[in-house]
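Visitor: The sequence shown begins at 24 in the working numbering and counts up one residue at a time. We put the beta carbon where it would ideally sit given N, CA and C, even for glycine. Dropping the structure in here first, questions after.
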Amino acid sequence: MHKYIITHAISDDNVLGFAVEYVGKYKQKDSNTLDADIFAETLVEGIDTKEVLESADRLNKITDYVLADWKRKTKNGKFNALFAVSSIEVLKKYYTLFKNKKAENFKIATIFTYQANEDDSSDMLDVDVFAGEGTAGNKHSRDFLEECIKDYNKTYSTNFSTDRFYDYYRDLQKRIKSKEIDLTLVVNMFLTGFDSPRLNTLYVDKNLRYHGLIQAYSRTNRLLDSDKPHGNIVSFRNLKLATDKALALFGDENAKEIVFKKPYEEQKKDFENKLKELRDKVPTVASVDTLQGEEEKAIFVKSFRDLLRIKSSLETFAEFSFQNLGISEQEFYDYQSKYLDIHEERKDNESGTESILDQIDFEIELTVRDIINFDYIIQLIAGLKNISSKTVREKKTEEILRLFDRDVKLRKKKELIKKFIEENLPRINKSDDVEKAFGKFWSGERSNVLKNIAKSEKIPLEKFDQLIGDYLYTQRLPSGQEIVELLPEIPRILERQGIIDRIKNAIENVVDLFEW
């Protein structure tokens, strides 16, 4: 009988491959040997392995590593992660460390069954075992889970307890899938049979092998979009040999090449080759403006998209830096601005004529940089107040505005930001007052836009604002009937759809323009 194994699933584009990093005190010497005392896989004379693996210093360093590298692994928080640890006792230590060290908006959770056998069972990860009402289990572990659930209740305004373990399990599962939780600490639970496209990283500080290893890794490899090129596995133990054995057992002779993404240095070489191809076509950013016709533009778009794809994979590695890629960060994002210009040209084209650019998926999600948010922009603008030199201030202003050209979500906001800097900022006395003044400006501009749309479409202003609020909450545009019911009179049949489409577009434009 033909077996459908993981290599087949990856080859058929049904799931993703993995990028595995082994993190230790020292760099990897070669493909088969790891000289890192953080792993402490074997007994060393005079050293108790368990004592080393569970030492406060080691767990503290690993916690710091996860938090420091979090944005890189999860694409600035677009995705979330599981952290699989060896025992409930170790989980307790990790949970406390993360709780004390994390940023306020970083959400953690945990779940375990507080049973005597909830331990480092390695490959024994076939099912989730539930602890029901009346289960004795380990009282200390149950008490700790109770405290963790209280933290959860406080964060999400819920009312769970260990007596309602299964309800908690289901709610936690739902919130992981909707990306309301950033990091979930587990021993065995969720390491098999749990699928969430928004989960892209598994941190591992436990022994895994055979079926259990493949199952655990596979929590990260569900398809989503081009911003998720592979599942990330970050192992704080030397699981290389165990990984190779598992692939040999559950894969085929080509398993390594199919299942694992190329290491950083090989992908970096691919990037450099694609960069050379791009520069053969457009040697400078300015030369993109000289491209003649849509065929030449399509060639550039495809070439730069190849770079974006490789960069999306590269930047999940701890080694990633523009310093050794052959192109500066500034130049890369200037090329990206031209890429987005071409995308906007096609999007705004109302001629109705067909274009070869319409056949290209620009994979815009690869260009989004969530780190450029409201707080970041306010910080940059406030910094302008502290610059006394007019020349330096103008240069810095130009740099800030260029940030908006790089990100498809921020481009529409650029002119408003420019207006605030030019017209409002000079009247503000201190940098501390910038956020308050900006909030007032932003609210006023939004109000003016809403009034103009409501007047033009003859919709009550408060009703139109409510449509926008509903859209933000449900992520669903109103139906045609909901829109028609707000109009002072029912439009003619031939005009009806045009009005509905216009109002829907207006809602999306307001959100794109004013929401962060």
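By the DSSP assignment, the beta strand (DSSP E) with G254 in it spans what residues?
Guide: G254 to S258
Visitor: Taking the alpha-carbon positions, what's the E367 to D398 distance?
Guide: 26 angstroms
Visitor: Rounding to the nearest angstrom, what Cα-Cα distance links L448 and Q402 in this structure?
Guide: 13 angstroms
Visitor: DSSP three-state call for K299: helix, strand or coil?
Guide: helix
Visitor: Assuming T133 is part of the beta strand (DSSP E), what are its boundary residues?
Guide: I131 to T133
Visitor: With S209 as the anchor, note down where its beta strand (DSSP E) starts and where it stops.
Guide: In the sequence as presented, Ser is not what sits at residue 209; that position holds Val. L206 to V209 is the span of the beta strand (DSSP E), which, as asked, contains V209.
Visitor: Please list the terminal residues of the continuous alpha helix (DSSP H) segment that includes T181.
Guide: Note, T181: premise wrong, no alpha helix (DSSP H); not H, not E.
Visitor: CB I410 to CB V457, shorter than 8 angstroms?
Guide: No.
Visitor: Report yes if the C-beta distance between F294 and L363 is below 8 angstroms; otherwise report no.
Guide: No, the Cβ-Cβ distance between F294 and L363 is not below 8 angstroms.
Visitor: Excluding the five sequence neighbours on either side, which residues of its own chain have a C-beta within less than 7 angstroms of the C-beta of L490, listed in chain order?
Guide: P501 and I530
Visitor: What is the DSSP secondary structure of K325, reduced to helix, strand or coil?
Guide: helix
Visitor: Give me the Cα-Cα distance between N532 and L330, rounded to the nearest whole angstrom.
Guide: 30 angstroms
Visitor: Starting from the Cα of D8, find the closest Cα among S180, K459 and Y358 and give me that residue.
Guide: Within the shown structure, residues of the chain are numbered from 24 to 539, placing residue 8 beyond reach of any answer.
Visitor: Straight-line CA distance for S344 to E338?
Guide: Distance between the alpha carbons of S344 and E338: 8 angstroms.
Visitor: Can you pull the DSSP bridge partners for E44?
Guide: V257
Visitor: Give a yes or no on whether the C-beta atoms belonging to N255 and A42 are separated by under 8 angstroms.
Guide: yes
Visitor: Tell me, please, which residues DSSP counts as bridged to F106.
Guide: L208 and Y226
Visitor: In terms of residue numbering, what span does the alpha helix (DSSP H) encompassing G406 cover?
Guide: F397 to L407
Visitor: Kindly list the residues whose CB is nearer than 8 angstroms to the CB of I516, restricted to its own chain and excluding five residues on each side of it in sequence; keep chain order.
Guide: none
Visitor: Just checking my contact of K544 with D205 at CB under 8 angstroms: how many whole Å lie between their CB atoms?
Guide: Here the chain comprises residues numbered 24 to 539, so residue 544 is not present and cannot be evaluated.
Visitor: Contact between the stretch 73–83 and the stretch 316–334 is defined here as three or more beta-carbon pairs at a separation below 8 angstroms; is this criterion met?
Guide: Between the stretch 73–83 and the stretch 316–334, the count of Cβ pairs shorter than 8 angstroms is below three; the stretches do not touch.
Visitor: What's the gap between the Cα of L57 and the Cα of E74?
Guide: Confidence at L57 is low in this model, with a pLDDT of 33, below 50, so the placement of that residue should be treated as unreliable; the coordinate-derived value is given next. Using only the alpha carbons, I get a separation of about 20 angstroms.
Visitor: Buried or exposed: which applies to K297, given that a residue is buried once 16 or more other Cβ atoms fall within 10 Å of its Cβ?
Guide: buried
Visitor: Applying the criterion that 16 or more other CB atoms from any shown protein chain within 10 Å of the CB defines a buried residue, is S258 buried or exposed?
Guide: buried
Visitor: State whether the stretch 112–129 contacts the stretch 238–256, with contact taken as three or more CB pairs (one from each stretch) at a distance under 8 angstroms.
Guide: no
Visitor: Closest to G316 by CA distance: which of S109, K268, S378 and V108 is it?
Guide: S378
Visitor: Going by beta carbon distance, what residues of the same chain come within less than 7 angstroms of L272, once the five residues before and after it are set aside?
Guide: Y233
Visitor: Terminal residues of the continuous alpha helix (DSSP H) containing S470?
Guide: V457 to E480
Visitor: Taking its Cβ as the centre, do 16 or more other Cβ atoms sit within 10 Å of K320, making it buried, or is it exposed?
Guide: buried
Visitor: Y287 and E342 look like a contact to me (Cβ under 8 angstroms); what is the Cβ gap, rounded to whole Å?
Guide: With 8 angstroms as the limit, Y287 and E342 qualify as a contact, their Cβ atoms being about 5 angstroms apart.
Visitor: Suppose the cutoff is 8 angstroms on Cβ atoms and the five residues either side in sequence are ignored; what does the same chain contact list for K197 look like?
Guide: none
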